[in-house]
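A.B. asks: The structure follows.
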Ligand code: DGJ
């Protein structure tokens, strides 16, 4: 178990609970990939690499025409010595050349997992939870060492990889590409699964067969983005929720990324993932190191559900941090869709008070409380309370709300600056920009230059002052535009293309310092909804606002797609008003409740103007969620009906001890003369009897899972049921 090295064959075998990953040191120091997949106890080279003299595939060892890097499956391929596929690494020397010759130098195996300097990453709580292998490759000409780090989380059945570059030579090297991972599969018989989207339409599931050549998923926006998520999986053509092989990669990074799958001439597939090399470079001077972000790699031989469970468990237990990691999350009410920028202290207090009457636990004051922000044209950066709207200050408002026995939370957008702000007037060069070029705006704002220490320090100071001033127990950390004209006033001309990554390092430092300084504050990440729903953000902030789209029907796809990788309790999901503000659809309050209760629950509407029926329903929803919260937030999720394939959706959540479950079904469009519907449940114990509370019916687990349960005939569009199951 863990990591073994077989000296005779110079083979490394990394083993987790149900997964093996194998590679070998070849003569000459080339590191060849042999296997990743279902666990084998002892590996004996049944799939030993085969060699042949292939035309137009050159030979680095002159005496051997059958050996070419162009065909060899490798662990971390470089550029220039006979491999024509996309390299994992691309580096320019001082003489302008870009050829690298990385060969094995040494290795070490140790217990535990080292932290990644300045970057978010999975971690261990004690050394026995994981084992780490470091393989050092050396380019003897430049004395560059490239340290490949592999960690196996045995119990979690996952592994991580990252790479550290150590320039031990005398010359400066320019890193043009530094992938975090490379896996050379000896097959192209896969489909690629990914989670593309758009603002208000995030993480929709897409899957297509691989074709010869390169296919990629990437962000060039300065954020992981709504448009693409740093996740890909290679899956069998017929992979389902419960069957088929899955090889999944998820980058723990929130900036520009690139994931590629290149199918070569011999039907082999090279996957790489890491910081996007587009418009990136990093000057690595003599004596300096560069650390890539890490990639989490999950293998499943039992389809997508097993993959999701592995990601969920690992992220909940060994990526998210802080006291909230293991706590049930409060039900919140946010004033954004209720008031937008147009509010006054009295209105805010009324919303909080009505929320309290409904049983809601946390009030969140959204955008508009600072500077003179009456719309989105001004004041970002001026994190001082607007006394016109809040004449008694934040502290008084927060205290009043706290006295209701409700927690108080606050919205910030600390990475941005408005041109119309004191901050911008004082420091016009504190934003990301390029001299003599226009500064394009998006939502009328500019991006603060977090690659600068002074900017980061000032923001830490300003945010801390507010958090110290009032009893704030929750922060919504928003980010509402992508980068343009990327450059920094503080970086030299040969470092301008470092701006994007330095920004991320700055942001991670700010988040590290603030979350450590305010451990009692629950941070929720947001970027116009789910524009930065990535593991990098989850490391600092254990939940994310899933989408600005609060329409229950749109949310079926968004939440379903997001659940492939990200834990349910990390997915903010709110009930909002109808007609819905984003898609103008009217759905019943029950459906809105059922969909939002399938995540980290809250409300986002004016609860001071509810009819008495709505008031009653919401009160009941809040009370109901409190009885199922531990199941939804801490149980395993099973996807049952796929809204990307049908006009309905279903999923369920089951506690770890399988004694309780919640089932939820949503019908999208009605049809005349509809067929009857039955759905098979999952995750229960066959021999245990479960009582379905809402139906007052009891069945054994095997009946519910093998035969299924009748779904009532729901008439009309947008209908749903949510049931709670308890072991009798
Ligand atoms: C985008 C967020 O996703 C919304 O929930 C809201 O906070 C607005 N920004 C405020 O500007």
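Residue numbers (our numbering): 9 to 736.
The C-beta atom is built at its ideal place from N, Cα and C for all residues, glycine as well.
Because the structure is a prediction, the values reported are computed rather than measured.
Please work out which residues of its chain come closer than 6 Å, Cβ to Cβ, to residue 55, disregarding the five sequence neighbours upstream and downstream, and give them in chain order.
C.D. replies: The residue you call residue 55 lines up with position 47 of the chain shown. Here the set comprises nothing.
A.B. asks: Quick check on this structure: which residue in 626, 615, 623, 660 has the alpha carbon closest to the alpha carbon of residue 607?
C.D. replies: The count along the chain shown starts at 1 and reaches residue 607 at position 599. Selected option, being the one with the closest Cα: 660.
A.B. asks: Taking 7 Å as the cut-off, is the beta-carbon of residue 10 closer than that to any non-hydrogen atom of the ligand DGJ?
C.D. replies: What you label residue 10 is simply residue 2 of the chain shown in a count that begins at 1. Incorrect: residue 10 has no Cβ contact closer than 7 Å to the ligand DGJ.
A.B. asks: Does the beta-carbon distance from residue 531 to residue 483 come in below 8 Å?
C.D. replies: On the chain shown, position 523 is the one that residue 531 refers to. On the chain shown, position 475 is the one that residue 483 refers to. Yes, these two residues count as a Cβ contact at 8 Å.
A.B. asks: Can you tell me whether residue 534 sits near the ligand DGJ, meaning its C-beta is under 7 Å from at least one heavy atom of the ligand?
C.D. replies: Numbered from its first residue, the chain shown carries residue 534 at position 526. The answer is yes for residue 534.
A.B. asks: Considering only DSSP beta bridges, list what residue 217 is partnered with.
C.D. replies: In the chain shown, counting from the first residue as 1, residue 217 sits at position 209. Per DSSP, 199.
A.B. asks: Quick check on DSSP: helix, strand or coil for residue 721?
C.D. replies: As a first step, residue 721 must be located in the chain shown, where it is residue number 713. Three-state DSSP puts residue 721 in coil, outside helix and strand.
A.B. asks: Roughly how many angstroms separate the alpha carbons of residue 300 and residue 526, rounded to a whole number?
C.D. replies: Here residue 300 refers to the residue found at position 292 when the chain shown is read from its first residue. Here residue 526 refers to the residue found at position 518 when the chain shown is read from its first residue. The alpha-carbon atoms of residue 300 and residue 526 are separated by roughly 28 Å.
A.B. asks: Please state the DSSP three-state secondary structure of residue 427.
C.D. replies: Locating residue 427 in the chain shown gives position 419, counting from the first residue. Residue 427 falls in the coil class under three-state DSSP.
A.B. asks: Pick out whichever of 574, 495, 357 has its Cα sitting closest to the Cα of residue 545.
C.D. replies: As a working note, residue 545 is residue 537 in the chain shown. Of the listed residues, the one whose Cα sits closest to residue 545 is 574.
A.B. asks: Does the Cβ of residue 701 have 16 or more other Cβ atoms within 10 Å, making it buried, or fewer, making it exposed?
C.D. replies: Locating residue 701 in the chain shown gives position 693, counting from the first residue. Residue 701 is exposed by the Cβ-count criterion.
A.B. asks: Determine the direct distance from the alpha carbon of residue 333 to that of residue 133, and round the result to whole angstroms.
C.D. replies: In the chain shown, counting from the first residue as 1, residue 133 sits at position 125. In the chain shown, counting from the first residue as 1, residue 333 sits at position 325. When rounded, the distance between both Cα atoms is 13 Å.
A.B. asks: With residue 347 as the anchor, note down where its alpha helix (DSSP H) starts and where it stops.
C.D. replies: In the chain shown, counting from the first residue as 1, residue 347 sits at position 339. Note, residue 347: alpha helix (DSSP H), 344 to 347.
A.B. asks: Do the stretch 484 to 497 and the stretch 425 to 442 make contact, defined as three or more Cβ pairs closer than 8 Å?
C.D. replies: The stretch 484 to 497 vs the stretch 425 to 442: in contact.
A.B. asks: My guess is that residue 212 and residue 536 are in contact by the Cβ rule of under 8 Å, so how many angstroms apart are they, rounded?
C.D. replies: Here residue 212 refers to the residue found at position 204 of the chain shown. Here residue 536 refers to the residue found at position 528 of the chain shown. That pair is no contact at about 16 Å.
A.B. asks: For the ligand DGJ, any of its heavy atoms closer than 7 Å to the Cβ of residue 35?
C.D. replies: The count along the chain shown starts at 1 and reaches residue 35 at position 27. Flag unset: Cβ of residue 35 not near the ligand DGJ.
A.B. asks: Compute every distance between the C-beta of residue 486 and the non-hydrogen atoms of the ligand DGJ, then say whether any falls below 7 Å.
C.D. replies: Residue numbering aside, residue 486 sits at position 478 when the chain shown is read from its first letter. At least one heavy atom of the ligand DGJ is nearer than 7 Å to the Cβ of residue 486, so yes.
A.B. asks: Between which two residues does the alpha helix (DSSP H) carrying residue 524 extend?
C.D. replies: Position 516 of the chain shown, counted from the start, is the residue given in the question as residue 524. Start and end: 507 to 525.
A.B. asks: Where do the N-terminal and C-terminal ends of the beta strand (DSSP E) with residue 299 fall, by residue?
C.D. replies: Position 291 of the chain shown, counted from the start, is the residue given in the question as residue 299. Element bounds for residue 299: 297 to 299.
A.B. asks: At a cut of 8 Å, does the stretch 224 to 243 reach the stretch 153 to 170 through at least three beta carbon pairs?
C.D. replies: No, because fewer than three Cβ pairs between the stretch 224 to 243 and the stretch 153 to 170 fall closer than 8 Å, the two stretches do not touch.
A.B. asks: Could you have a look at residue 183 and say whether DSSP puts it in helix, strand or coil?
C.D. replies: Residue 183 sits at position 175 when you count from the first residue of the chain shown. Note: residue 183 maps to strand in three-state DSSP.
A.B. asks: Can you give me the C-alpha to C-alpha distance between residue 433 and residue 459, rounded to a whole angstrom?
C.D. replies: Working through the chain shown from its first residue, we reach residue 433 at position 425. Working through the chain shown from its first residue, we reach residue 459 at position 451. So the two alpha carbons sit approximately 20 Å from each other.
A.B. asks: Nearest-angstrom Cα distance between residue 21 and residue 118?
C.D. replies: Sequence index remark: in the chain shown, residue 21 carries index 13 (1-based). Sequence index remark: in the chain shown, residue 118 carries index 110 (1-based). C-alpha separation (whole angstroms): 14 Å.
A.B. asks: Run through DSSP, which three-state label would residue 635 get?
C.D. replies: Here residue 635 refers to the residue found at position 627 of the chain shown. Reduced to three states, the DSSP call for residue 635 is helix.
A.B. asks: Is the Cβ-Cβ distance between residue 689 and residue 724 less than 8 Å?
C.D. replies: Along the chain shown, read from residue 1 onward, the residue named residue 689 stands at position 681. Along the chain shown, read from residue 1 onward, the residue named residue 724 stands at position 716. Not in contact: residue 689 and residue 724 (Cβ atoms no closer than 8 Å).
A.B. asks: On the criterion of 16 or more Cβ atoms from any shown chain inside 10 Å, does residue 17 qualify as buried, or is it exposed?
C.D. replies: Numbered from its first residue, the chain shown carries residue 17 at position 9. By the 10 Å Cβ count, residue 17 comes out exposed.
A.B. asks: Would DSSP call residue 434 helix, strand or coil?
C.D. replies: Residue 434 sits at position 426 when you count from the first residue of the chain shown. In this structure, residue 434 counts as helix in the three-state DSSP scheme.
A.B. asks: If you measure from the CB of residue 344, is any heavy atom of the ligand DGJ nearer than 7 Å?
C.D. replies: Numbered from 1 along the chain shown, position 336 holds the residue referred to as residue 344. Residue 344 Cβ: within cutoff of the ligand DGJ.
A.B. asks: In this structure, does DSSP put residue 468 in helix, strand or coil?
C.D. replies: For the purposes of this step, residue 468 is taken as residue 460 along the chain shown, with counting starting at 1. In this structure, residue 468 counts as helix in the three-state DSSP scheme.
A.B. asks: By the three-class DSSP mapping on this structure, what secondary structure does residue 387 have?
C.D. replies: Walking along the chain shown from the start, residue 387 turns up at place 379. Coil.
A.B. asks: Can you tell me whether DSSP reads residue 627 as helix, strand or coil?
C.D. replies: Here residue 627 corresponds to residue number 619 of the chain shown, with the count starting at 1. Of the three classes helix, strand and coil, the one that applies to residue 627 here is helix, per DSSP.
A.B. asks: Taking the straight line between their C-alpha atoms, what separation do you get for residue 368 and residue 129?
C.D. replies: By 1-based counting over the chain shown, the position of residue 368 is 360. By 1-based counting over the chain shown, the position of residue 129 is 121. In a straight line, the C-alpha of residue 368 is about 33 Å away from that of residue 129.
A.B. asks: State the Cα-Cα distance for the pair residue 63 and residue 100, rounded to the nearest angstrom.
C.D. replies: Here residue 63 refers to the residue found at position 55 when the chain shown is read from its first residue. Here residue 100 refers to the residue found at position 92 when the chain shown is read from its first residue. Whole-angstrom Cα-Cα distance: 29 Å.
A.B. asks: What did DSSP end up calling residue 120 once you bin it into helix, strand or coil?
C.D. replies: Here residue 120 corresponds to residue number 112 of the chain shown, with the count starting at 1. Of the three classes helix, strand and coil, the one that applies to residue 120 here is coil, per DSSP.
A.B. asks: Consult DSSP for residue 545 and reduce its assignment to one of helix, strand or coil.
C.D. replies: The count along the chain shown starts at 1 and reaches residue 545 at position 537. Looking at residue 545 - three-state DSSP - the assignment turns out to be helix.
A.B. asks: Can you tell me where the alpha helix (DSSP H) with residue 595 in it begins and where it stops?
C.D. replies: Here residue 595 is taken as the residue at index 587 of the chain shown, counted from 1. No alpha helix (DSSP H) holds residue 595; DSSP gives it neither H nor E.
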